[in-house]
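Asks: Reading the sequence shown from the start, the letters are residues 7 to 358 in the working numbering.
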Amino acid sequence: MHSIIKIASVLSLGLVIAVIWFSNYDRHAVEIASQEETLYGSVVLPKLRADKPVPVVIFVHGDGPISSGGYGYYHPLWQALAQAGVASLSWDKQGVGGSSGHWLEQNMTQRAEELSAAIDWISTQPKLDSQRIGVIGFSQAGWVLPTVLAQDKRVKYAIMVSTAVNWEQQGHFQTVQRLKSLGQDGEVLAQNLDYNSALDELLKQRVPYKTYQQFITQNAPQSYGGKVMSPSRYEFVINNMHVDASATLNQIQQPVLALFGDSDQVVDVQQSIDTYQSQLSGPFSYKVYENADHGLFKNEYFSGISKDSIWFGVKMNWLGADGLTEQFVDDVLRWVTTHTQLDAQGVLVDGE
C-alpha cells in the first residue's frame with residue numbers, strides 16, 4: 007500500500023476531520039530513538055480508560071513509505087481497540103513524515119531493531135502496560151516480526167496480516183500472478199518466467215545498477231512488462247532478497263494469528279499457512295477471508311481500482327471498516343483481548 011502516499015495529500019479534509027472528531031481515542035505524537043535515527047509516530051490511547059496502565063498493540067508496516075496511521079488504513083483498528091481499552095503504537099517509516107533516515111536504506115534486521123526500540127520505549131511509559139504488549143504486522147512485516155518474537159518474550163502475542171515467509175518465493179508468486187492477470191499462459195508465460203529467474207540470479211550477485219539496467223535492455227521480453235527499479239529500490243531489494251523467516255519460526259513460543267484474503271495476488275497464502283503450521287512452536291491459528299485482497303479490502307468495493315488512484319484513497323477513508331472484509335476488525339480485537347486479560351490479582355491470564 008506504499009502508493010497511498012501519492013494520494014494522501016489530496017484526500018478530503020472533511021474526511022480527516024470527521025475521523026478525528028468522532029474517534030474514541032486520543033492520539034499523541036511520540037518520538038522513539040532507534041539506532042542513529044529518530045522515529046516520529048503516534049500512541050493512540052482510549053479516551054475512557056482506568057487509572058491503571060492499558061495494554062498496547064504495536065503496528066508494524068508493510069512495504070513502502072507509510073505514515074504512522076497508514077494514511078487511514080489503521081483507523082478502524084485503532085477505533086475498535088480503543089473501545090476495548092487497548093492502546094496502539096505506530097510510527098512514520100524512516101524518511102516519512104518527521105522520521106529521519108530512509109526506509110529504502112533499511113534491511114529487515116534494522117526494521118526488527120526498530121520494533122525492539124519501540125518495545126523498550128513502552129517500558130518507560132506509565133500509561134502503557136509493558137506486561138501486555140502485542141504486535142500486528144502487515145505484509146513485509148512478516149520478515150520483521152519473527153526475529154523479535156523469537157528473542158523478546160515481552161511480546162505476548164502476534165497477528166500476521168498477509169505475510170510471506172521467503173522473499174524470493176514471494177516475488178516469484180507475485181510475478182506469476184501478474185503475468186497470468188495479463189492473460190499469459192503456455193510458451194509466453196514460460197519464457198517470461200525463465201527471464202524472471204535469470205533476473206533473480208543476477209540480483210543475487212549484487213551487480214552494479216548499470217549492469218542491471220543493461221541486462222533488462224538486452225534480455226527482457228516485450229511481453230514481460232513490469233517496472234525498472236530506481237537505484238534506491240534496487241539497493242533495497244538486493245539487500246533484502248535473501249530473507250527467509252523460516253529460520254526463526256521454530257523459536258517462537260507466543261500465540262500467532264495469521265489472516266489472509268483468498269484473492270491475494272501478492273502472497274502465496276497456502277504456502278504461508280503450511281509453513282507457519284509446520285514450523286511455529288507456539289499456538290497458531292489462521293483465517294482466510296472470502297472475496298478479500300492482499301490488504302483485506304472487499305473485492306466488491308476495490309477490485310479493479312488502482313492503489314495509485316485518488317479514488318482508492320478517498321474510498322478507503324470514506325468506507326473505513328466497511329471497506330475491509332467482514333470480521334477482520336472483530337477477529338483482531340478478539341485475539342488481542344483474549345491475550346490481554348488480567349485475573350482478579352492483576353496477573354495476565356493465559357489466553358492460549
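Ideal placement from N, C-alpha and C gives every residue a C-beta, glycine not left out.
All of these numbers come straight from a predicted model, not from anything done at the bench.
(1) In its own chain, which residues sit with a C-beta less than 7 Å from the C-beta of His345, not counting the 5 before and 5 after it?
(2) Under the three-state reduction of DSSP, which class applies to Pro82: helix, strand or coil?
(3) Tell me the DSSP bridge mates of Leu354?
(4) Could you tell me which of Asp57, Leu155, Thr44 sits nearest to Ile64, measuring between CA atoms?
(5) If you draw a straight line from the alpha carbon of Ile142 to that of Val171, how long is it in whole angstroms?
(6) Pairs of beta-carbons, one from the region 288-304 and one from the region 197-210, closer than 8 Å: are there three or more?
(7) Measuring only the C-alpha atoms, how far is Ile125 from Val62?
(8) Have a look at the DSSP bridge pairing and note the partners of Arg166.
(9) Could you check how far apart the C-beta atoms of Arg117 and Val150 are, in whole angstroms? I think they sit under 8 Å.
(10) Keeping to the same chain, check which residues put their C-beta closer than 6 Å to that of Gln180; ignore five residues upstream and five downstream.
(11) For Leu263 and Ile165, which I take to be in contact (beta-carbon distance under 8 Å), what is that distance rounded to the nearest angstrom?
(12) Since Lys58 sits in a beta bridge, which residues does DSSP pair it with?
(13) Tell me whether Val60 is buried or exposed, calling it buried when 16 or more other Cβ atoms sit within 10 Å of its Cβ.
(14) So the beta strand (DSSP E) Ser48 belongs to, where does it begin and stop?
(15) Would Asp274 pass as an interface residue toward chain B - the criterion being a Cβ-Cβ separation below 8 Å?
(16) Grouping DSSP H, G and I as helix and E and B as strand, with all else coil, what is Glu37?
(17) For the region 35-50 against the region 98-113, are there 3 or more C-beta pairs whose distance is under 8 Å?
(18) For Val167, tell me which candidate among Gly267, Phe308, Asn305, Phe290 has the shortest Cα-Cα distance.
(19) Counting along the chain, where does the beta strand (DSSP E) carrying Val294 start and finish?
(20) Across which residues does DSSP place Leu134 in a beta bridge pair?
(21) Suppose the cutoff is 7 Å on Cβ atoms and the five residues either side in sequence are ignored; what does the same chain contact list for Leu339 look like?
(22) Are Asn323 and Gly76 close, meaning C-beta to C-beta below 8 Å?
(23) Look up Leu339 in the DSSP assignment and say whether it is helix, strand or coil.
(24) For Ala93, which option in Asp32, Ser73, Ser252 has the closest C-alpha, if you only look at C-alpha atoms?
(25) Of the residues Val234, His300, Ser284, which one's Cα is nearest the Cα of Gln257?
(26) Helix, strand or coil: which one does DSSP assign to Leu185?
(27) Which residues bound the alpha helix (DSSP H) around Leu325?
(28) For Thr169 and Ser145, which I take to be in contact (beta-carbon distance under 8 Å), what is that distance rounded to the nearest angstrom?
(29) Report buried or exposed for Arg212, applying the criterion of at least 16 other Cβ atoms within 10 angstroms of its Cβ.
(30) Ordered along the chain, which non-local residues of its own chain (more than five positions away) have a Cβ less than 7 Å from that of Pro152?
(31) For Ser96, write down the residues that DSSP places opposite it in a beta bridge.
(32) Take Val249 and list the residues in its own chain whose beta-carbon comes closer than 7 Å to its own, dropping the five residues that flank it on each side.
(33) Terminal residues of the continuous alpha helix (DSSP H) containing Lys210?
Replies: With the structure as the only source:
(1) For this step, residue 345 is matched to residue 339 along the sequence shown. The beta carbon of His345 is closer than 7 Å to those of Gly140, Lys162, Tyr163, Pro261, Gly357 in its chain, skipping five residues each way along the sequence.
(2) Mapped onto the sequence shown, residue 82 falls at position 76. Taken through DSSP and simplified to helix, strand or coil, Pro82 comes out as helix.
(3) The residue you call residue 354 lines up with position 348 of the sequence shown. Under the DSSP definition of a beta bridge, Leu354 partners with Leu348.
(4) Within the sequence shown, numbered from 1, the residue matching residue 64 stands at position 58. Ranking the options by Cα distance to Ile64, first place goes to Leu155.
(5) Reading the sequence shown from its first residue, position 136 is the one you call residue 142. Reading the sequence shown from its first residue, position 165 is the one you call residue 171. A direct Cα-to-Cα measurement between Ile142 and Val171 gives close to 16 Å.
(6) No, the region 288-304 is not in contact with the region 197-210.
(7) By 1-based counting over the sequence shown, the position of residue 125 is 119. By 1-based counting over the sequence shown, the position of residue 62 is 56. Cα to Cα, the separation comes out at about 10 Å.
(8) Against the sequence shown, residue 166 aligns to sequence position 160. As written in the sequence, residue 166 is Met, which differs from the Arg given in the question. When DSSP reads this structure, Met166 sits in a beta bridge with Gly143, Ala264.
(9) Taking the first residue of the sequence shown as 1, we reach residue 117 at position 111. Taking the first residue of the sequence shown as 1, we reach residue 150 at position 144. About 5 Å separates the two Cβ atoms, so the contact holds.
(10) For the purposes of this step, residue 180 is taken as the residue at position 174 of the sequence shown. Closer than 6 Å at Cβ, skipping near neighbours: Val272.
(11) Translated into the one-based positions of the sequence shown, residue 263 becomes position 257. Translated into the one-based positions of the sequence shown, residue 165 becomes position 159. Between Ile165 and Leu263 the Cβ distance is about 5 Å, and since that is below 8 Å, they are a contact.
(12) For the purposes of this step, residue 58 is taken as residue 52 along the sequence shown, with counting starting at 1. Under the DSSP definition of a beta bridge, Lys58 lacks any partner.
(13) Mapped onto the sequence shown, residue 60 falls at position 54. Val60 is buried by the Cβ-count criterion.
(14) By one-based count along the sequence shown, residue 48 stands at place 42. In the DSSP assignment, Ser48 falls within the beta strand (DSSP E) that extends over 43-52.
(15) Here there is only one protein chain, and chain B is not present.
(16) By one-based count along the sequence shown, residue 37 stands at place 31. Three-state result, Glu37: strand.
(17) The region 35-50, when compared against the region 98-113, does touch it at the 8 Å Cβ threshold.
(18) By one-based count along the sequence shown, residue 167 stands at place 161. That would be Gly267, whose Cα lies nearest to the Cα of Val167.
(19) Walking along the sequence shown from the start, residue 294 turns up at place 288. Residues 290-295.
(20) For the purposes of this step, residue 134 is taken as residue 128 along the sequence shown, with counting starting at 1. For Leu134, which the question treats as bridged, DSSP gives the partners Val60.
(21) One-based indexing of the sequence shown puts residue 339 at position 333. Once the five neighbours on either side are set aside, the close Cβ partners of Leu339 are Ala86, Leu87, Ala90.
(22) Locating residue 323 in the sequence shown gives position 317, where the first residue counts as 1. Locating residue 76 in the sequence shown gives position 70, where the first residue counts as 1. In this structure, Gly76 does not lie closer than 8 Å to Asn323 by Cβ.
(23) Within the sequence shown, the letter at position 333 stands for residue 339. Three-state result, Leu339: helix.
(24) As a first step, residue 93 is located in the sequence shown; it is residue number 87 there, counting from the start. Among Asp32, Ser73, Ser252, the Cα nearest to that of Ala93 belongs to Asp32.
(25) For the purposes of this step, residue 257 is taken as residue 251 along the sequence shown, with counting starting at 1. Among Val234, His300, Ser284, the Cα nearest to that of Gln257 is on Ser284.
(26) Working through the sequence shown from its first residue, we reach residue 185 at position 179. Residue state, collapsed to three classes: helix.
(27) Reading the sequence shown from its first residue, position 319 is the one you call residue 325. Element bounds for Leu325: 316-325.
(28) As a working mapping, residue 169 is identified with position 163 in the sequence shown. As a working mapping, residue 145 is identified with position 139 in the sequence shown. Rounded, the Cβ-Cβ distance is 6 Å, consistent with contact.
(29) As a working note, residue 212 is residue 206 in the sequence shown. With fewer than 16 other Cβ atoms within 10 Å, it is exposed.
(30) The count along the sequence shown starts at 1 and reaches residue 152 at position 146. So the list reads Ala251, Thr254, Leu255, Ile258, once near-sequence residues are dropped.
(31) On the sequence shown, residue 96 is found 90 positions in, with the first residue counted as 1. DSSP links Ser96 through a beta bridge to Ser48.
(32) On the sequence shown, residue 249 is found 243 positions in, with the first residue counted as 1. When the five nearest sequence neighbours on each side are left out, the beta carbons in the same chain lying within less than 7 Å of the beta carbon of Val249 are those of Met114, Trp149, Trp173, in order along the chain.
(33) Counting from 1 along the sequence shown, the entry for residue 210 is found at position 204. Unbroken alpha helix (DSSP H) run through Lys210: 192-210.
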